[in-house]
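Engineer: Sequence positions in the sequence shown follow mature numbering (1 follows the signal peptide of the UniProt record, and there is no 0) and run -17 to -1, 1 to 667.
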Amino acid sequence: MGILFSGVFVFILKLDATRKMASTVKSNDDHGGSPCSRNYFIPLQRGPHFLLYQEIYNASSFLTQDSQIRQKVDESLASVLAKSDGPGPNMYGVNTGVGARALIFVTFLYITRTNQRTELQRKILKHLACGVLPLTNVPSYNPTFDPEAWIRAAILVRINALLRGHSGCRWELLHGLHQLLVNDIIPCVPLHQTISASGDLAPLGYIAATLSSEMHVRVWCGKDSERKQMPASQALALHDVQTVEYGPKEALAVVNGTAPSCAVAALAIHDSNILALVAQVCTAMSVEALTGTPESFDAFMSDIARPHPGQIEVARNCRVMIKDSKLTRYHDESDPTQTLRQDRYSLRTSPQWIGPHLEELVTGMKTLETEMNSTTDNPIIDVQGDRTLHGGNFQATSVAMSRGLDLQTLVMEKTRIGLQQFGKIGYAQSTELNNTNMNRGLPPDFCAWEPSIDFGTKAMDVATASYLSELSFAINSLAMISARYTYTTIQCLQMIYANHIWALCQAVDLRVMTDIFFAQMKIDISTSFQSTFPDEPEALVSELSRTVFNQARVSFGNTTHLDSKDRFATLVRSLLAHVTAFLEDKPAPRIHFDIYIWQRNLSKTLLESFRTARLDSYEHGTAAPLLGSTASLYNFVRKTLKIPSRKGSTFDDEEIDAQVSRVYASFDSGDIVPVLLDVLASAQ
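#1: Please list the terminal residues of the continuous beta strand (DSSP E) segment that includes PRO214.
#2: Beta-carbon within less than 6 Å of GLY653's beta-carbon, same chain only, minus the 5 sequence neighbours each way: which residues are those?
#3: Do you know whose CA, among GLN54, ASP661, VAL200, lies nearest CYS171's CA?
#4: For a test of the three-state rule: what should DSSP assign to PRO416, helix, strand or coil?
#5: Is it a yes or a no for the region 477 to 495 touching the region 265 to 284, going by three-plus beta-carbon pairs under 8 Å?
#6: Pairs of beta-carbons, one from the region 217 to 233 and one from the region 129 to 137, closer than 8 Å: are there three or more?
#7: Would you kindly work out how many angstroms separate the C-alpha atoms of PRO243 and PRO186, rounded to a whole number?
#8: Determine the DSSP secondary structure at LEU(-3), reduced to helix, strand or coil.
#9: Here's a check: name, in chain order, each residue in its chain whose Cβ is nearer than 8 Å to the Cβ of VAL202, leaving out the five neighbours to either side.
#10: Under three-state DSSP, which class holds ARG327?
#11: Within the same chain, show all residues whose beta-carbon is closer than 6 Å to that of VAL56, passing over the 5 residues directly before and after it, in chain order.
#12: Using the Cα positions of THR543 and ASP444, report the straight-line distance between them to the nearest angstrom.
#13: In terms of residue numbering, what span does the alpha helix (DSSP H) encompassing TRP133 cover?
#14: Since PRO489 contacts PHE438 with CB under 8 Å, what's their CB separation in whole angstroms?
#15: Is residue 711 near LEU590, with beta carbons less than 8 Å apart?
#16: According to the Cβ coordinates, are GLY406 and LEU330 closer than 8 Å?
#17: Spatial neighbours of GLN513 within its chain, please: C-beta separation below 7 Å, excluding the five flanking residues on both sides.
#18: Can you have a look at ASP129 and say buried or exposed, based on whether 16 or more other CB atoms are within 10 angstroms of its CB?
#19: Select from SER644, PRO427, ILE473, THR447 the residue whose C-alpha is nearest the C-alpha of GLY540.
#20: Is VAL646 helix, strand or coil by DSSP?
#21: Going by DSSP, what residues sit across from ASP365 in a beta bridge?
#22: Specify the secondary structure class of PRO426 as computed by DSSP and reduced to three states.
#23: In the DSSP output, what is ILE295 paired with across the bridge?
#24: Pull up the CB-CB distance for THR398 and LEU344, whole angstroms please, since I reckon it's below 8 Å.
#25: Taking residue 668 as part of the beta strand (DSSP E), name the residues at either end of that continuous run.
#26: Indicate the three-state DSSP secondary structure (helix, strand or coil) for PRO627 in the structure shown.
#27: What residue from LYS109, ARG597, GLN335, LEU659 has the CA that sits closest to ALA288's CA?
#28: Give me, in chain order, the residues of the same chain whose beta-carbon lies closer than 6 Å to that of GLY159; leave out the 5 immediate sequence neighbours on both sides.
#29: Given this structure, state the Cα-to-Cα distance separating ASP651 from SER285, to the nearest angstrom.
#30: I'd like the span of the alpha helix (DSSP H) that includes CYS265, first residue to last.
#31: If you follow the alpha helix (DSSP H) that residue 670 is part of, which residue opens it and which one closes it?
#32: Consult DSSP for SER123 and reduce its assignment to one of helix, strand or coil.
#33: Please state the DSSP three-state secondary structure of PRO277.
#34: In this structure, what does DSSP give as the bridge partners for PRO170?
#35: Straight-line CA distance for THR350 to GLN37?
#36: Given this structure, state the Cα-to-Cα distance separating LEU493 from CYS204, to the nearest angstrom.
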């Protein structure tokens, strides 16, 4: 198994049955410019040390009943209560203030310390309530609050951290947080209110304040079309969730952690893994659409000559995906129609381009899984050592710190750089498909009708370029902000690949149409010479037909910019020199023929054959039988998403934007994921 199969993709296959069973609450995440929207419920919770980043994405949730875990939580609480009662030692955030308000100068009479422990926890929550939120209840577009999926994931990660028994919380608090997930009560959390320095205080503050029914907190509550915003107190009462009054340290334990940054990063790296697979599937399908060669993915090239793990993985995946394809071909040095003896960079160097970023994704996964199963508040309780430790585990930089080739590069920064590279190679492949000087005979901009009136994907190329331009962001070490930017990058890359997938399906359909026509063109050319030279030896006529047909294939690719009538007149004119050159080399000076009649008749015949092939491909053509395992993706687009091959402006029932939007939506819904996995699995 390759490095990716050891991670997310095998696990997604295992979760497939769980996905069907999981609750699918329709959320109000989709609000225009916000980085993410999900229609999933909440993830699987298997207890501390067992939470995987894939599980945050999509599964059902339950709170562990393990008695040993419960005992650790209770012992931690008992330790806090014992040390906070009476005139004992100071404990940060329990019997002192927080931040600079925790200063104790014993030699001066300037001591900030409180015995109102419950009120202190409430004040901690109230001072964090200063973010910008929408004034309207259900905004159709407002980028000022976090998507619900992010907050669901953050609640889950926070519960997992508190379950470790290092935070001094009651079990009832953990149960209350879990009830928010069970009843899908998701607080509205400001998007721009954390720098992840002392943890993600504000996002967790709104989560904690939800459970204590603070009046400033509004939440999403309800199912499907009935889901709406309401005060937290109303939502808790509606679902019989008991309001929590925070005891010593409990509010601080909830808010002082990295859960939001970690959760969003986990969601982002999950989607990044999917896009890494999309990049490989689209590369394989691009090789098919461009009639490229499997040679670039040869095992010797990567397994022996340059055995980087990521390069090996990409080469192997692409190799097996196209192994049964009828569109790829090995370059034949004797084939006169092949002018370029190797594929261009976007195909030929794809293992070397994509592979290193797969390795970085694997490193990032391990870092995030460590963070998701860590204690990140302050102070933390060492029950066995009877110690209360004040430290900096809340520093969210560690959410993203990865020690690889670059010692100071953050996981989210590396992930975003990788996504940008995926976008660059996807755009390069798309550009090559569009360019008639590179695409080996495909029409300009995938136009399926006459180039003078069918502009195909000309505007889509501009749109894809605009998405690519948004993939670059300044490096920022603030974990939550970096994770948000990564989600914006993910959206742009999903748009690029939505366009690319649409274009690939159109390209292979046009390639099928071309193959249908070439089969008939070979017959037409042979017939034209048989009728023109009825008395010449059959071997000579066959050789002449074969020579002219090979040149006709080349000329066909060089005339894609012309409308059909002009195209075939030009094509046949280009053949005359080759006919003359062939006959001059033969001992048959008596051969004479009317050039004008031959040219006129063959032009007319080829035009009719081309139009027939075009209409026949509209009615009955499908590229699926010619593809390798990428046929699964092709069928998903054509059958599941109901996106037909584009025929030209006068024939199509809907515009490209509606079709590309359906492909893009399949990323957001996750519908494309099992298709991608099937592409890879069926190639094994």
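We put the beta carbon where it would ideally sit given N, CA and C, even for glycine.
Structural biologist: On the basis of the coordinates in this document:
#1: In the DSSP assignment, PRO214 falls within the beta strand (DSSP E) that extends over 211 to 214.
#2: Taken in chain order, the list of residues that qualify is empty.
#3: Selected option, being the one with the closest Cα: VAL200.
#4: Note that residue 416 is Leu in the sequence shown, not Pro. DSSP, reduced to helix, strand and coil, places LEU416 within a helical segment of the structure shown.
#5: With the cut-off at 8 Å, the region 477 to 495 and the region 265 to 284 touch.
#6: Using a C-beta cut-off of 8 Å, the region 217 to 233 makes no contact with the region 129 to 137, since fewer than three inter-stretch Cβ pairs fall below that distance.
#7: Those two C-alpha atoms are separated by around 7 Å.
#8: In this prediction, LEU(-3) has a pLDDT of 34, which is less than 50 and means its spatial position is unreliable; what the coordinates show is noted afterwards. If DSSP states are grouped into helix, strand and coil, LEU(-3) belongs with the helices.
#9: Around VAL202: ILE168, ILE169, PRO170, CYS171, THR193, GLN212, MET213, PRO214, ALA215, ALA218.
#10: DSSP, read as helix, strand or coil, puts ARG327 in coil.
#11: Once the five neighbours on either side are set aside, the close Cβ partners of VAL56 are GLY148, TRP154.
#12: Each residue's alpha carbon lies about 18 Å from the other.
#13: Where TRP133 is concerned, the enclosing alpha helix (DSSP H) stretches over 131 to 145.
#14: Per the sequence presented here, residue 489 reads as Gln, with Pro not at that position. At roughly 13 Å, the Cβ-Cβ gap does not stay under 8 Å, so GLN489 and PHE438 are not in contact.
#15: With the chain covering -17 to 667 only, the question about residue 711 has no answer from this structure.
#16: No, the Cβ-Cβ distance between GLY406 and LEU330 is not below 8 Å.
#17: The residues are VAL524.
#18: Label assigned to ASP129: buried.
#19: Distances from the CA of GLY540 to each of SER644, PRO427, ILE473, THR447 were compared; the closest alpha carbon is that of PRO427.
#20: Under the three-state reduction of DSSP, VAL646 is assigned to helix.
#21: BP columns for ASP365 point to ARG370.
#22: PRO426 falls in the coil class under three-state DSSP.
#23: Residue pairing by DSSP places ILE295 in no beta bridge whatsoever.
#24: About 7 Å separates the two Cβ atoms, so the contact holds.
#25: Because the chain here runs from -17 to 667, residue 668 falls outside it and cannot be looked at.
#26: Look at PRO627 here: in three-state DSSP terms it is coil, with no helix or strand label.
#27: The option with the nearest alpha carbon to ALA288 is GLN335.
#28: In chain order, LEU194, VAL227 place their CB closer than 6 Å to the CB of GLY159, counting only its own chain and leaving out the 5 sequence neighbours on each side.
#29: Cα to Cα, the separation comes out at about 33 Å.
#30: Annotation: the continuous alpha helix (DSSP H) that includes CYS265 extends over 242 to 272.
#31: Here the chain covers residues -17 to 667 and nothing more, so residue 670 does not appear.
#32: Here SER123 scores only 39 on pLDDT, less than 50, and its place in the model is too uncertain to base an answer on.
#33: In the structure shown, PRO277 sits in a helix (DSSP, three-state: H, G or I).
#34: Paired residue(s): VAL202.
#35: Spanning the two alpha carbons is a distance of roughly 13 Å.
#36: Approximately 49 Å, taken between the alpha carbons.
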